[in-house]
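Below is one structure; the comments refer to it alone.
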């Protein structure tokens, strides 16, 4: 195990009768890394995270948390996992603060520490001003944020988030994503499932795409896009002499076409190629009025690998 690996899964398998729900799934998550698990509905994602969290026993394979074997009977491992389910796990008649203090006590924190930690977590999820309100009085987005807070109370090195922004308003979604990014920045390893492709692109350092219980592909966004051979597109609005021949001479440029003051340039990595493209325009005496960069997204990769949209 690498020194900073918090979660290691190897060859996870689970069947329900004749149905193979998970087949030989494996991946790792390091400290400070956010790993996204994406799948079409019913393709094994929930079963996989349930086995990792120790909620569901597995038929085969291995789960290591902080280098030690983990299973449904492993108290040591569960103390190092913060599991935030898609369904709200809160008491509606208790206040936000009372809920957190209660769950902190369940995690073994002493009374004084539970009070202090509850207030710290309320600040993390942006609910300090609603601490005394009953959960039933909070908006859906606030409940989601409090649900995440309950998973943070014992400072787990591994946080599992199952659809953390499902059904919330845009403002709450932004607050949740900001909180998750901050937690990763503080060193937490995060396993996140989502049905929002833009969230995966924004949050996740690496992504695993599940289909029919197997990981079809894994990597960074750039690596996944590379699997289907899609290129970045740079669109230039220009004035001056022909630019296309100069661009085609650049090793970074795969294709270039021009028409009525617009030049379309296809490259593998727009971030690296753009300075050379603009330099070629300057050398050719071309004035660039506007630049647009379009990078291929995960949606096209997902469709290519699974034949389905993420929300199918």
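Numbering (this note's numbering), first residue to last: 827 to 1138. Cβ atoms here follow ideal geometry from the backbone N, Cα and C, with glycine treated the same way.
Limits of the beta strand (DSSP E) - the one that residue i falls within
i            : result
residue 1109 : Per DSSP, residue 1109 belongs to no beta strand (DSSP E); it is in the alpha helix (DSSP H), 1096-1109.
residue 886  : 886-891
residue 1085 : 1079-1085
Residue environment, residue i, which counts as buried when at least 16 other CB atoms sit within 10 Å
i            : result
residue 884  : buried
residue 1197 : Beyond the ends of the chain as shown, which are 827 and 1138, falls residue 1197; an answer cannot be given.
residue 1003 : buried
residue 793  : Outside the shown range of the chain, which is 827 to 1138, sits residue 793, and nothing can be said about it.
residue 962  : exposed
residue 996  : exposed
residue 989  : buried
residue 1025 : buried
residue 1000 : exposed
residue 769  : Nothing about residue 769 can be read from this structure; the chain reaches only from 827 to 1138.
Limits of the unbroken alpha helix (DSSP H) element including residue i
i            : result
residue 1041 : Counting along the chain, residue 1041 falls outside any alpha helix (DSSP H), though it belongs to the beta strand (DSSP E) covering 1040-1045.
residue 1013 : Taken as a continuous stretch (DSSP letters only), residue 1013 belongs to no alpha helix (DSSP H), as it is neither H nor E.
residue 907  : Run containing residue 907: none in the alpha helix (DSSP H); it sits in the beta strand (DSSP E), 907-910.
Beta-ladder partner(s) of residue i, from DSSP
i            : result
residue 1030 : Beta-bridge pairing links residue 1030 to no other residue.
residue 831  : 856
residue 861  : 1017, 1032
residue 839  : 849, 886
residue 1113 : 1065
Pairwise C-alpha distance: residue j and residue i
i            : j            : result
residue 914  : residue 978  : 15 Å
residue 853  : residue 887  : 12 Å
residue 930  : residue 916  : 13 Å
residue 1126 : residue 1052 : 11 Å
residue 900  : residue 937  : 25 Å
residue 1088 : residue 998  : 39 Å
residue 1138 : residue 1054 : Bear in mind that a pLDDT of 47 at residue 1138, under 50, signals an unreliable position, so the number given afterwards is only what the model happens to contain. Cα-Cα distance, rounded: 21 Å.
residue 1009 : residue 858  : 8 Å
residue 966  : residue 846  : 35 Å
Rounded distance between the beta-carbons of residue j and residue i, thought under 8 Å
i            : j            : result
residue 910  : residue 987  : 5 Å
residue 1047 : residue 1129 : So it is not a contact: roughly 15 Å between Cβ atoms.
residue 947  : residue 926  : 6 Å
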